[in-house]
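Heads up: the structure comes next, in structure tokens.
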Amino acid sequence: MSISLKDIQAPIAPEMQLFEKKFRTSMKSNVLLLDRIMSYIVKRKGKQMRPMFVFFTAKLFRESIGDSTYRGAALIELLHTATLVHDDVVDDANYRRGFFSVNALWKNKIAVLVGDYLLSKGLLLSLQNDDFDLLKIVSNAVKEMSEGELLQMEKARRLDITEEVYFDIIRQKTASLIASCCSVGAASAGACKEEVEKARLFGEKVGIAFQIKDDLFDYGTAEIGKPVGIDIKEKKMTLPLIHALRQADWLTKRRIIYNVKNNNGDSNRVQQVIDFVKKSGGIEYTIQLMNRYHAEALAILNTFPASPSRTSLEQLIAYTIEREK
Numbered sequence: 001m002s003i004s005l006k007d008i009q010a011p012i013a014p015e016m017q018l019f020e021k022k023f024r025t026s027m028k029s030n031v032l033l034l035d036r037i038m039s040y041i042v043k044r045k046g047k048q049m050r051p052m053f054v055f056f057t058a059k060l061f062r063e064s065i066g067d068s069t070y071r072g073a074a075l076i077e078l079l080h081t082a083t084l085v086h087d088d089v090v091d092d093a094n095y096r097r098g099f100f101s102v103n104a105l106w107k108n109k110i111a112v113l114v115g116d117y118l119l120s121k122g123l124l125l126s127l128q129n130d131d132f133d134l135l136k137i138v139s140n141a142v143k144e145m146s147e148g149e150l151l152q153m154e155k156a157r158r159l160d161i162t163e164e165v166y167f168d169i170i171r172q173k174t175a176s177l178i179a180s181c182c183s184v185g186a187a188s189a190g191a192c193k194e195e196v197e198k199a200r201l202f203g204e205k206v207g208i209a210f211q212i213k214d215d216l217f218d219y220g221t222a223e224i225g226k227p228v229g230i231d232i233k234e235k236k237m238t239l240p241l242i243h244a245l246r247q248a249d250w251l252t253k254r255r256i257i258y259n260v261k262n263n264n265g266d267s268n269r270v271q272q273v274i275d276f277v278k279k280s281g282g283i284e285y286t287i288q289l290m291n292r293y294h295a296e297a298l299a300i301l302n303t304f305p306a307s308p309s310r311t312s313l314e315q316l317i318a319y320t321i322e323r324e325k
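The sequence shown begins at 1 in the working numbering and counts up by one.
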């Protein structure tokens, strides 16, 4: 990468610092146990790409960031963090981003209640400030994320995911959240409905490219925080494998699907699937589609007037497909 995420964030560093203070305040509780868990969650924060998308998109329409934009970014973080806490319970996951998950430290019952608390804090933050348009955008994204996850689970049982279904899943599971960040940024800055929708579509294209990049990591050797082949071990059908199977003869397809269904964590079987995908052009095809979505996102972004924020967004979407983890 020619530019780091820290460099991209530099133009909004003051806003990000103020946002972090406001976000910590929005998570406050009168219950000591809850406060301890909230403090733990805040300390484990990731790259903070979601608030970055909110602030940069808002600045496409208004240079100064208002309270509504800070609340919108906090709403997204609260509701998204709630879904992550619940996801770790569903997946019985003990780690997230290299740290112990909430359920690993405080057990499932407390983790579910913590997720509920975060969800309610997000709802109240919007309702108390009459941010109904922002609440509608983010609530719709949470609905889409849940539907996408359930669709993937349903299809994983039969391993019959087509390319069309794959894109439905990642649009709902991943792209809907980044789309909501951009919608919230635009709406909180007073953009009209047409501009908010354009911002949403831009975020959706970025989100799809981001998830395709994530799926490519399963076939690489980069140190990315998840082992190579983990999607295959978990019987997830991603684009490289879907495309490779589409090119295969019936017997090969049957053998590969059998290996995916019955790998039981066997590294040899997983490696056979990885080798098959690489030989069948699955990686090249996937990169080609990722680049297409990147180009489509850029085309939408370039319909907005030139500004430092637009440049930062260009850098941010380049980062999403060039990152190594």
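Backbone N, C-alpha and C define an ideal beta-carbon position, used for all residues, glycine too.
Is the Cβ-Cβ distance between Ala175 and Gly207 less than 7 Å? yes
Might you give, ordered along the chain, the residues of its own chain that have their beta carbon closer than 8 Å to the beta carbon of Val273, omitting 5 neighbours on each side? Gly229, Ile232, Leu241, Ile256, Asn259, Val260, Asn263
Between which residues of its own chain and Ile3 is the CB-CB distance below 6 Å, once the five residues before and five after are set aside? Gln315
C-beta atoms of Ala58 and Gly190 nearer than 7 Å: no
Is the CB-CB distance between Leu110 and Cys181 below 7 Å? Sequence check: residue 110 is Ile here, not Leu. Contact: no.
I need the boundaries of the alpha helix (DSSP H) containing Phe167, first residue and last residue. 163-170
Need the endpoints of the alpha helix (DSSP H) that Lys205 sits in, please. 193-216
By Cβ distance below 6 Å, which residues in the same chain neighbour Ile12 in space, the five residues on each side in sequence not counted? Phe55
Restricting to Cα atoms, I'd like to know which of Gln271, Gly281, Phe202, Asp215 is closest to Gln247. Gly281
So what does DSSP say about Phe61, is it helix, strand or coil? coil
Starting from Ile12 and walking both ways along the alpha helix (DSSP H), at which residues does that stretch end? Per DSSP, Ile12 belongs to no alpha helix (DSSP H) and is neither H nor E.
The alpha helix (DSSP H) that contains Ser146, what's its start and end? 132-156
State the start and end residues of the unbroken alpha helix (DSSP H) segment that holds Ile230. 230-233
How far does the alpha helix (DSSP H) with Gln48 in it extend, from its first residue to its last? Here Gln48 belongs to no alpha helix (DSSP H), and DSSP marks it neither H nor E.
Tell me the DSSP secondary structure of Phe304 in three-state form. coil
Have a look at Lys107 and Ala93 and give me their C-alpha separation to the nearest angstrom. 11 Å
Within the same chain, show all residues whose beta-carbon is closer than 8 Å to that of Gln48, passing over the 5 residues directly before and after it, in chain order. Gln9, Met16
Who are the near neighbours of Leu134 in its chain, counting only those whose CB is closer than 8 Å to its CB and skipping five residues on each side? Ser68, Arg71, Gly72, Leu75, Ser126, Val184, Ala187, Ser188
I'd like the ranges of any alpha helix (DSSP H) spanning at least 4 consecutive residues and lying wholly in the stretch 237-323. 239-247, 250-261, 267-279, 282-301, 308-322
Using a 10 Å radius around the Cβ and a threshold of 16 neighbouring Cβ atoms, would you call Pro308 buried or exposed? exposed
In angstroms with no decimal places, state the Cα-to-Cα distance between Gly66 and Phe276. 52 Å
Please report the distance separating the alpha-carbon of Asp116 from that of Ala82. 7 Å
Considering only the alpha carbon of each residue, which of Val85, Glu63, Lys6, Ser39 lies closest to Lys21? Ser39
Looking at the strands, I want to know which residues DSSP matches up with Phe100. Tyr95
Tyr285 burial status per 10 Å Cβ neighbour count (16 or more: buried): buried
Look at the Cβ atom of His80, then the Cβ atom of Ala209, and state whether they are nearer than 7 Å. no
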